[in-house]
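Numbering-wise, the working numbering comes out as the position in the sequence shown, counting from 1, plus 36.
Using N, Cα and C, we set each Cβ at its ideal position, and we do this for glycine too.
Here the structure is laid out as structure tokens; the discussion comes afterwards.
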Amino acid sequence: MSRVSLYCVVYAGLMVSLAGCATPHRIASHPDLDSPSPALRFLHMDLTLRLSEADIAAGRLHGSVTHRFRPMPSAGDAPIERVTLDAVDLDIHRVIDADSGTALPYRYDGRKLRISLARPLAVDAAAAIRVDYSAHEHDDILTFVRPDDDHPDRPTVVYTMSEALKARYWAPCWDWPNVRWTSDISITVPRPYAGVSVGAPVGAPTEHADGTRTFRWRLTTPIDPHLLGIAIGEFDVIESSWRGVPIRAYIQPAAEREARWSFRRTRDILEYYTTLLRTEYPFRQFAHVMVQDHFHGGMEHAGFNMIAPSLLTTGPRGHVPDERAQYNYVAHMLAHAWFAGITSYANVREAWLNESFATYLHELWRTQTHGDEMLPHRLNRLARMIARFDNAGDSQGMIPRRLAAPDEIYRYDAGKIYWKGAWTLHMLRSELGDDLFWRCVAAYLAHFRGRAVTTEDLRASFEKTSGRDLRRFFDQWVRRGGTPRLSVALAWDDRRRVATIHVEQTQRVDAANPPFELPIELWFRSGGQWTRRSLRMTAAEQTFEAALHDEPDGFCVDPRATLLALVEVSKPLAMWRVQAEHGPTALARERALNHLRREKDTDAVDICRRAARESGLHFTARAAAVAALAELAPQD
Ligand SMILES: [Zn+2]
Numbered sequence: 037m038s039r040v041s042l043y044c045v046v047y048a049g050l051m052v053s054l055a056g057c058a059t060p061h062r063i064a065s066h067p068d069l070d071s072p073s074p075a076l077r078f079l080h081m082d083l084t085l086r087l088s089e090a091d092i093a094a095g096r097l098h099g100s101v102t103h104r105f106r107p108m109p110s111a112g113d114a115p116i117e118r119v120t121l122d123a124v125d126l127d128i129h130r131v132i133d134a135d136s137g138t139a140l141p142y143r144y145d146g147r148k149l150r151i152s153l154a155r156p157l158a159v160d161a162a163a164a165i166r167v168d169y170s171a172h173e174h175d176d177i178l179t180f181v182r183p184d185d186d187h188p189d190r191p192t193v194v195y196t197m198s199e200a201l202k203a204r205y206w207a208p209c210w211d212w213p214n215v216r217w218t219s220d221i222s223i224t225v226p227r228p229y230a231g232v233s234v235g236a237p238v239g240a241p242t243e244h245a246d247g248t249r250t251f252r253w254r255l256t257t258p259i260d261p262h263l264l265g266i267a268i269g270e271f272d273v274i275e276s277s278w279r280g281v282p283i284r285a286y287i288q289p290a291a292e293r294e295a296r297w298s299f300r301r302t303r304d305i306l307e308y309y310t311t312l313l314r315t316e317y318p319f320r321q322f323a324h325v326m327v328q329d330h331f332h333g334g335m336e337h338a339g340f341n342m343i344a345p346s347l348l349t350t351g352p353r354g355h356v357p358d359e360r361a362q363y364n365y366v367a368h369m370l371a372h373a374w375f376a377g378i379t380s381y382a383n384v385r386e387a388w389l390n391e392s393f394a395t396y397l398h399e400l401w402r403t404q405t406h407g408d409e410m411l412p413h414r415l416n417r418l419a420r421m422i423a424r425f426d427n428a429g430d431s432q433g434m435i436p437r438r439l440a441a442p443d444e445i446y447r448y449d450a451g452k453i454y455w456k457g458a459w460t461l462h463m464l465r466s467e468l469g470d471d472l473f474w475r476c477v478a479a480y481l482a483h484f485r486g487r488a489v490t491t492e493d494l495r496a497s498f499e500k501t502s503g504r505d506l507r508r509f510f511d512q513w514v515r516r517g518g519t520p521r522l523s524v525a526l527a528w529d530d531r532r533r534v535a536t537i538h539v540e541q542t543q544r545v546d547a548a549n550p551p552f553e554l555p556i557e558l559w560f561r562s563g564g565q566w567t568r569r570s571l572r573m574t575a576a577e578q579t580f581e582a583a584l585h586d587e588p589d590g591f592c593v594d595p596r597a598t599l600l601a602l603v604e605v606s607k608p609l610a611m612w613r614v615q616a617e618h619g620p621t622a623l624a625r626e627r628a629l630n631h632l633r634r635e636k637d638t639d640a641v642d643i644c645r646r647a648a649r650e651s652g653l654h655f656t657a658r659a660a661a662v663a664a665l666a667e668l669a670p671q672d
């Protein structure tokens, strides 16, 4: 596994993984990828964890987990006699009936813990079992960061990673995303360490005579195990609040400036998402927790998110004055409070259901700082990246049939479920319109609150709210692989006053890869005014006509970025110049300025100069103008 951010892909990370995916590799199927049907409904988890200084040095923790459960109504009338928990590479010390204290017989093969109940469990009864165990340091799952000779100042931090299907490496449980439970988690550690977990803290830590302290956390919103986690370290706490919800940042003191800068808009992001999604934040607190060397850069949990301090910056005067921590991590992981915390995928293969929304929301948050024109610019850029891997011969849709391991979903096709997922939601929004789209999202969250979902659930929910048939849309953009490539040529028939637009889908089209059905926006400029025509392409090659009063001097395709496609437009150079100067959107002008640069159109230098100085033009287009000037008139 290359060291790139998978759960919250950063731009640079994606480029690294793209490079590694130049030749698509075949992946074998993983035998245990789809969630089995649970016979039990897990109600509550009591988890007690203890670590001494010696344990931290040795990379181990001691745990005692109690699961309370009752039979699923769907499990039938036969009493339940055995319980099977996922538990990988743990030391199991004993298993007891938590109510009677009776020792229970069990079998453990290093992956599954099979427990025989003291008596058969009737369909209307509940029971609880307790497992005492130890877990051990495990790469990127149960991580122990400690100072060493080469890094004497490195803080000591212990943390977990439960996605995907990894909670089983540090706590025996039904480790599949199709169950949810509440929890009480206590963490006993030596001073000066603190323990953070899911939910909200319960009172002040309990001080013990032996120099240890116990931190208690209670989660009242049921979650599935991928959002379970703990972090242990020596933290300072920055406290604030939003709408009565405590907001905390557990930080290493040396990184306070970076934390204050990088987390400064947390409340604004929560407010923005709450308003946009018309749905309240689901947890009783929110916390950032700083953990060193996080393999993925960060990870969302129920009520707290981990983030690596190396991603944080101190703002314009900092050493890396960028904002990727705010957009790609803080905003992305916060979005998972809704799309993971409230409702989440039922099977790992459908992780696109979470990542598409989280990625789209963090891109939308970016527009809150950089303006609405930022979204088309970003989508245009992402479309080119997606097309690089999404036209490979065996490219599958966003629900891959074959995965080598659960984690593969996050690297699959270089992060397809993130970027193509976000694009797919954007196209759905373009099809439905803003108000209807966000009403569909709110209804989806309300209907599936506290439940695991499939792609069919999402489609059916959107269809119910919108009254539209979305089967073709979901088949084409979610289940099918590939990104359309369009070649568009414009001609003008002066006698008939008609513009003829020939469009050809140039990606592979055959019996197995039928043409896409595509809504295409064409924009014409005549008499100084832009007019829009919307077409629906259903064949591999089609010619459209548009009657116009005057011959257009400007023409562009999809200037608002509403269609995931790579588009090549054949039109006179003069039209590119008009588009660079008068294009209907900043993206249209940016594309034209880039075209003039590539064409080395030295006659366009004045256009580029004016665009570069145009204060009302979005900075992404002005940057394209400056880049064009640098090539066309380097003396400037
Ligand atoms: Zn994510």
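query = Should His368 be counted as a contact of ligand 1 given a C-beta to heavy atom distance under 7 angstroms?
reply = yes
ask   = Could you give the C-beta distance for Leu623 and Ala597, rounded to a whole number, given that I count them as a contact under 8 angstroms?
value = 6 angstroms
request  = Report the rounded CA-to-CA distance for Arg487 versus Thr379, giving the unit in angstroms.
outcome  = 5 angstroms
request  = Would you tell me roughly how many angstroms separate the C-alpha atoms of Ser53 and Asp175, rounded to the nearest one?
outcome  = Reliability of the predicted coordinates at Ser53 is poor, the pLDDT of 32 falling under 50, and the value obtained from them is presented with this limitation in mind. If you take the alpha carbons of Ser53 and Asp175, they lie about 20 angstroms apart.
task = Assess, as a yes-or-no matter, whether the segment 358–374 is touched by the segment 297–307 under the definition of 3 or more beta carbon pairs within less than 8 angstroms.
result = yes
task = Helix, strand or coil for Ser71, going by three-state DSSP, please let me know.
result = coil
message = Quick check on Val40: buried or exposed, where buried means 16 or more other Cβ atoms within 10 Å of its Cβ?
response = Residue placement at Val40 is flagged as unreliable, the pLDDT there being 33, under the threshold of 50; a coordinate-derived value is accordingly withheld.
At least 3 beta-carbon pairs within less than 8 angstroms: the segment 121–130 vs the segment 147–161 = yes
task = Return yes when the Cβ of Ile223 is within less than 8 angstroms of the Cβ of Val234, no when it is not.
result = no
Alpha carbon of Ala679 to alpha carbon of Gln615, nearest angstrom = Limits of the chain in this structure are 37 at one end and 672 at the other, which puts residue 679 out of reach.
ask   = Between Leu653, Ala290 and Arg516, which lies nearest to Arg508 when the distance is taken from Cα to Cα?
value = Arg516
ask   = Using the C-alpha atoms, what's the distance from Asp493 back to Arg521?
value = 30 angstroms
request  = Return yes when at least one heavy atom of ligand 1 lies under 7 angstroms from the C-beta of Ala394, else no.
outcome  = yes
key: Cα-Cα separation between Tyr169 and Gly99, rounded to whole angstroms   = 5 angstroms
ask   = According to DSSP, which residues form a beta bridge with Thr248?
value = Pro226
message = Is there a C-beta anywhere in chain D that falls below 8 angstroms from the one on Ser562?
response = In the structure shown, chain D cannot be found, because there is only a single protein chain.
Minimum C-alpha distance to Pro608 - residue among Cys209, Leu668 and Cys592 = Cys592
ask   = Roughly how many angstroms separate the alpha carbons of Glu294 and Leu347, rounded to a whole number?
value = 9 angstroms
request  = For Gln555, name the three-state secondary structure that DSSP assigns.
outcome  = This sequence places Pro at residue 555; Gln is not what is there. Strand, per DSSP.
query = Ends of the alpha helix (DSSP H) at Tyr195?
reply = It is not in any alpha helix (DSSP H) - Tyr195 instead sits in the beta strand (DSSP E) that spans Val193 to Thr196.
key: Asp594 classed as buried or exposed, judged by whether at least 16 other C-beta atoms fall within 10 angstroms   = buried
ask   = Does the beta-carbon of Thr491 have 16 or more other beta-carbons within 10 angstroms, so that it is buried, or is it exposed?
value = buried
inquiry  = In the DSSP assignment, the beta strand (DSSP E) including Ser136 goes from what residue to what residue?
reply    = No beta strand (DSSP E) holds Ser136; DSSP gives it neither H nor E.
key: Alpha-carbon to alpha-carbon, His398 and Asp133   = 45 angstroms
Endpoints, beta strand (DSSP E) assigned at Val675 = The structure shown has nothing for residue 675, since the chain only spans 37 to 672.
key: Presumed contact (8 angstroms Cβ cut-off) between Phe319 and Ala338, rounded CB distance   = 6 angstroms
ask   = Can you give the Cα-Cα distance for Leu468 and Met611, rounded to whole angstroms?
value = 31 angstroms
task = Return the Cβ separation of Tyr365 and Gly334 in integer angstroms, given the expectation that the two are a contact with Cβ distance under 8 angstroms.
result = 5 angstroms
query = Mapping DSSP to helix, strand and coil, what is Val356?
reply = Below a pLDDT of 50, predicted positions are generally treated as unreliable, and Val356, at 45, falls in that range; the measurement from the model is reported next regardless. Val356: coil per DSSP, three-state reduction.
task = Select from Leu157, Gly503, Asp135 and Phe393 the residue whose C-alpha is nearest the C-alpha of Asp113.
result = Leu157
message = What does DSSP give as the partner residue(s) for Asp272 in the beta ladder?
response = Ile287
Residues bridged to Asp27 [DSSP beta-bridge criterion] = No information on residue 27 is available, as it lies outside the stretch 37 to 672 that the chain covers here.
ask   = Buried or exposed: where does Thr460 fall if 16 or more other Cβ atoms within 10 Å of its Cβ makes it buried?
value = buried
query = Which class does Leu665 belong to by DSSP, given the choice of helix, strand or coil?
reply = helix
ask   = Does the segment 448–456 come within contact of the segment 416–429, defined as at least 3 CB pairs closer than 8 angstroms?
value = yes
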